[in-house]
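Residue numbers (the numbering used here): 2 to 606.
Working notes, beginning with the structure itself.
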Ligand code: ADP
């Protein structure tokens, strides 16, 4: 068949079996066929391969495709052969005989598409072969590897400049999925793309919902996520091989079809696990960055990052493996405070410009994770694309629920954190706040905590506000909460913030103006009840009479007045906090706990 007689659409339909082109494919193909050098930037999954495969079948001569990924080359050639397109590759995986065989086929004009690894160009015989062969198109795939500014610089790509001298007649097509302005300029300069056309497809993958959550109990969170989405396939990326093995085992133990994938596994094992994921036998692939290049599974519904990626390019590429079929998908990043440090540790080998670039990328990634505005905008701006809002559907967690404004709460936070430290990191929020607000409850006095320097210094907030602040400090990683009783302890960040007197900004706002509250006076006993506590005290008293009547016992058998008093002051919000109130033990908790909590919350019984 004479391929030059077929137009691009016919080739697309007859050879590749697709009814129509995707955005920009047609423009790129027409440009290449008209002989105009072209740089095309398209997101992963955008359909870059067809941009050179279709012209290759329309040109009379050969198309050379430079690609850094040997495994991918083999797949591409196999797929093309299945479509009856004569294609071949030359790389280091071939033995002498295979190499010679391919060379002969090229010389005889039998090959339409020849894939080459960049290092093969150093081989004199390959260069001779190319110089002797009519080449119509030079395609450079993964062209960002040319640029030192890219995240995947490969020095051997620099030699591609000389490739153009070998085939001066050929039109040059450079393709990449990740290119900032700087990388684009680099590619054009190195490949000598003068007067070239440039196509940049939108990087907005509108069907992928972006979200970030603080990394707290990540395994539990992932299990919960999987339970919420029964049957959906996805990838969980981890930083280290060990994490991959551990998490895959844990998920499998909990009954999920999860498999590991990393460079430490044997080739056979990796291939088998990948196949199981592609075929749907395994639902979750737990993997390091080694997984995903060239994976074309259309129905990946989620990509979870257990650890922070090194930069936006990597992140974008990895989440881009979700939702290739266009249906809604989710990208969830679990972000821990230590993650950036871990990456920095591995940057120690870098120096000079390399280090600077790595730092810039990491910085951009943390900005994404800690963002307070639309995440999609941040991500797309990194790729030089302005984002005007997602008309097509939900965008990101922050657009769905914008975060509260951050305020400087340094002084109050220092008081609370010091009080946690001074009481020995052995108590829940209720107790710490009692001390902070100057309670003389039996337990406080027995522990001698009424003598602490932090006793009674929390005059600026109501108890409710202190609870809210404690929660904000926990959410932002300053405080850790553990055990059934919600014992608070300081994180490393909190210790640092205290010793270095760092500013603490939190999305926290006190419910009331400070003037509306009474300052407890040190030494005054019993404490006067503020109007709010008084109301609660009366409500609890009514609750007590009701309970006493129902059980036909005197009121004091239900609780003493002191307990009522303490309850009104502490306003316990949970069973743990209830247990910290004087006079409430496990038995009372069982009998009356729910009634008290409801009363505190102001709910009807
Ligand atoms: P990229 O290299 O940009 O990541 P690919 O070239 O591998 O993307 O294409 C991704 C997927 O999209 C492949 O499965 C491919 O067959 C499919 N595809 C590409 N172009 C079209 C099209 N015009 N119509 C339908 N499917 C397409």
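Even for Gly, the Cβ is constructed at its ideal location relative to N, Cα and C.
As the structure is a prediction and not an experimental result, all values here were calculated from the model.
Is residue 297 close to the ligand ADP? I mean its beta-carbon at under 7 Å from any heavy atom of the ligand.
Residue 297: yes, Cβ under 7 Å from the ligand ADP.
Using CA coordinates, which residue listed in 165, 313, 317, 601 is at the minimum distance from residue 65?
With distances taken between Cα atoms, residue 65 lies closest to 165.
DSSP on residue 580, reduced to helix/strand/coil?
Reduced to three states, the DSSP call for residue 580 is helix.
Extent of the continuous beta strand (DSSP E) run through residue 336:
Counting along the chain, the beta strand (DSSP E) containing residue 336 begins and ends at 330-336.
Can you list, in chain order, the residues of its chain with a C-beta nearer than 6 Å to that of residue 291? Leave out the 5 residues immediately preceding and following it.
Result list for residue 291: 263, 264, in chain order.
CA-CA distance, residue 239 and residue 306?
Taking the straight line joining both Cα atoms gives about 6 Å.
Please go through the same chain and pick out, in chain order, the residues whose beta-carbon is closer than 7 Å to the beta-carbon of residue 277, but skip the five residues on each side of it.
Counting only Cβ-Cβ distances below 7 Å, and skipping sequence neighbours, we find 260, 283.
Could you tell me whether the Cβ atoms of residue 141 and residue 67 are closer together than 8 Å?
Yes, the Cβ-Cβ distance between residue 141 and residue 67 is below 8 Å.
Nearer than 7 Å: is that true of the beta carbon of residue 178 relative to any heavy atom of the ligand ADP?
Residue 178 Cβ: within cutoff of the ligand ADP.
Give the range of the alpha helix (DSSP H) segment to which residue 400 is assigned.
Counting along the chain, the unbroken alpha helix (DSSP H) around residue 400 starts and ends at 398-401.
Closer than 7 Å: residue 26 CB and nearest the ligand ADP heavy atom
At least one heavy atom of the ligand ADP is nearer than 7 Å to the Cβ of residue 26, so yes.
Got a sec, what are the start and stop residues for the alpha helix (DSSP H) residue 60 sits in?
Run containing residue 60: none; DSSP gives neither H nor E here.
Tell me where the beta strand (DSSP E) around residue 481 begins and ends.
Counting along the chain, residue 481 sits inside the beta strand (DSSP E) bounded by residues 480-483.
Assuming residue 323 contacts residue 345 (C-beta within less than 8 Å), just tell me the rounded distance between them.
Between residue 345 and residue 323 the Cβ distance is about 28 Å, and since that is not below 8 Å, they are no contact.
Report yes if the CB atom of residue 574 is closer than 8 Å to the CB atom of residue 507, and no otherwise.
Their beta carbons are not under 8 Å apart, which means residue 574 does not touch residue 507 by this criterion.
List the whole-angstrom C-beta distance separating residue 312 from residue 348, where the pair is believed to meet the contact cut-off of C-beta under 8 Å.
At roughly 11 Å, the Cβ-Cβ gap does not stay under 8 Å, so residue 312 and residue 348 are not in contact.
Indicate whether residue 399 and residue 417 have their beta-carbon atoms separated by less than 8 Å.
Judged by beta-carbon spacing, residue 417 lies beyond the 8 Å limit of residue 399, meaning their Cβ atoms are not closer than that value.
I need the boundaries of the alpha helix (DSSP H) containing residue 32, first residue and last residue.
For residue 32, the enclosing alpha helix (DSSP H) stretches over residues 26-34.
Residue range of the alpha helix (DSSP H) that residue 610 falls in?
It is not possible to answer for residue 610, since the shown part of the chain is limited to 2 through 606.
Are residue 194 and residue 38 touching if we call contact CB-CB under 8 Å?
Inclusion of residue 194 and residue 38 in the CB contact set at 8 Å is warranted, their separation being smaller than that value.
Would a C-beta distance cut-off of 8 Å place residue 118 and residue 92 closer than the cut-off?
Taking 8 Å as the Cβ cut-off, residue 118 and residue 92 qualify as a contacting pair.
So, helix, strand or coil for residue 255, using DSSP?
If DSSP states are grouped into helix, strand and coil, residue 255 belongs with coil.
Below 6 Å CB to CB, which residues in the same chain sit around residue 453 once its five sequence neighbours on both sides are set aside?
Hits under 6 Å: 423.
In the DSSP assignment, find the alpha helix (DSSP H) that holds residue 417 and state where it starts and stops.
Residues 411-423.
Under the three-state DSSP convention, the category residue 294 falls into
In this structure, residue 294 counts as coil in the three-state DSSP scheme.
Within the chosen definition, does the stretch 465-476 reach the stretch 373-383 through at least 3 CB pairs nearer than 8 Å?
Fewer than three pairs of CB atoms, one per stretch, sit closer than 8 Å, so the stretch 465-476 makes no contact with the stretch 373-383.
Please work out which residues of its chain come closer than 6 Å, Cβ to Cβ, to residue 490, disregarding the five sequence neighbours upstream and downstream, and give them in chain order.
Closer than 6 Å at the Cβ level, and outside the excluded window around residue 490, lie 426, 481.
Selection from 50, 548, 11 that minimises the alpha carbon distance to residue 297
Ranked by Cα distance from residue 297, the first of 50, 548, 11 is 50.
Cβ-Cβ separation, residue 434 to residue 467 (assumed contact under 8 Å), whole Å:
With a Cβ gap of about 4 Å, residue 467 and residue 434 count as contacting.
Please give the ranges of any alpha helix (DSSP H) in the stretch 191-249, keeping only runs that are unbroken, at least 4 residues long and fully inside the region.
Listed in chain order, they are 219-229.
Note down, in chain order, each residue of its chain lying with its Cβ closer than 6 Å to the Cβ of residue 81, except the 5 sequence neighbours on either side.
For residue 81, the CB contacts under 6 Å within the same chain, skipping 5 residues up- and downstream, are 88 in chain order.
Would you say the beta carbon of residue 51 is closer than 7 Å to some non-hydrogen atom of the ligand ADP?
Indeed, a heavy atom of the ligand ADP lies less than 7 Å from the Cβ.
Which runs of the beta strand (DSSP E) spanning at least 3 residues fall entirely within the stretch 96-170, listed in chain order?
Fully enclosed beta strand (DSSP E) runs of 3 or longer: 114-117, 136-141.
Evaluate the contact criterion for the stretch 266-277 versus the stretch 212-230: three or more CB pairs, one atom per stretch, below 8 Å.
Result no; under three Cβ-Cβ pairs closer than 8 Å.
May I have the straight-line CA-CA distance separating residue 121 from residue 9, to the nearest angstrom?
Computed Cα separation, rounded: 30 Å.
Distance check for residue 501 and residue 287, CA to CA, integer angstroms please.
Distance between the alpha carbons of residue 287 and residue 501 is about 39 Å.
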